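*Asks:* Numbering-wise (our numbering), the sequence shown opens with residue 13 and increments by one. The beta-carbon is built from N, C-alpha and C at its ideal position, and this holds for glycine as well. Note that this is a predicted model, so its numbers are computed, not measured.
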Amino acid sequence: MLLSQDAYRKIDRELAKFPADQKQSAVMAALAIAQDEQGWLSAEVIRDVAAYLDMPAIAVQEVATFYTMYNLKPVGKYKLTICTNLPCQLTHGDRAAQYLKQKLGIGFNETTPDGRFTLKEGECMGACGDSPVVLVNNKRMCSFMSNEKIDALIEELSK
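The structure is reproduced here in structure tokens:
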């Protein structure tokens, strides 16, 4: 077992939401719980989650690789995901992405040398009217991200 007992208890709570013969329905929640604890999803953690859910490891791997919220390699303390889909592009999401790259000195899927920030390109976050949108660690959505707001966010997270 690679995760803490607390993590398995959380997964058990998710499992209780589904019929016993449909454990795989909790796979996304189980991966999120594992990632919250480990910081990313190694092949070993994916296999562990698969075994716990009685699923083939490849099926869990398919879920983990499909969704951008899962980290398949270590990331910085703060993962910043910016939406670059067309509706966001039309409302300056591309400019915000370029500014973030320049501000951090990294490209997409890269981490700053100090390990503080990882920049990811995201798919639709369901907030097209709030573009440009930046998601911090899959949990905090920041809307209408002008250069000034990006500067303030980076300053806040750098403290």
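Would you mind sorting S143 into buried or exposed? The rule is 16 or more other CB atoms within 10 Å of its CB.
*Replies:* It counts as buried.
*Asks:* Can you tell me the Cβ-Cβ gap for V148 and C154, rounded? I've got them flagged as a contact below 8 Å.
*Replies:* So it is a contact: roughly 7 Å between Cβ atoms.
*Asks:* Report buried or exposed for M137, applying the criterion of at least 16 other Cβ atoms within 10 angstroms of its Cβ.
*Replies:* When all chains shown are included, M137 counts as buried.
*Asks:* Taking DSSP as the reference, what is the three-state secondary structure of L165?
*Replies:* Helix.
*Asks:* Taking the alpha helix (DSSP H) that L98 belongs to, which residues open and close that run?
*Replies:* First-last of the alpha helix (DSSP H) with L98: L98 to L102.
*Asks:* If contacts are defined as beta-carbon pairs under 8 Å, then K91 and K132 qualify, I think. What distance do you get, rounded to the angstrom?
*Replies:* Contact holds; Cβ gap of about 6 Å.
*Asks:* With a threshold of 6 Å on Cβ separation, who are the neighbours of A99 within its own chain once the five nearest residues in sequence on each side are excluded?
*Replies:* Checking the sequence, you will find Pro at residue 99 rather than Ala. Within the same chain, P99 has close Cβ partners C140.
*Asks:* Please state whether DSSP places E26 in a helix, a strand or coil.
*Replies:* Reduced to three states, the DSSP call for E26 is helix.
*Asks:* DSSP state of F129, grouped into three classes?
*Replies:* Strand, per DSSP.
*Asks:* Report buried or exposed for I70, applying the criterion of at least 16 other Cβ atoms within 10 angstroms of its Cβ.
*Replies:* Label assigned to I70: exposed.
*Asks:* Taking the C-alpha atoms as reference points, what is the distance between K151 and G51?
*Replies:* Whole-angstrom Cα-Cα distance: 14 Å.
*Asks:* Quick check for students: name the residue ranges of the beta strand (DSSP E) that lie wholly in the stretch 44-102, counting only runs of 3 or more.
*Replies:* Within the stretch 44-102, the complete beta strand (DSSP E) runs of at least 3 residues are 90-95.
*Asks:* Determine, using beta carbons only, whether T93 and G134 come nearer to each other than 7 Å.
*Replies:* Against a cut-off of 7 Å, the Cβ pair of G134 and T93 comes out as a contact.
*Asks:* Does the beta-carbon of F30 have 16 or more other beta-carbons within 10 angstroms, so that it is buried, or is it exposed?
*Replies:* F30 should be labelled exposed.
*Asks:* Assign L147 to one of three DSSP states: helix, strand, or coil.
*Replies:* Looking at L147 - three-state DSSP - the assignment turns out to be strand.
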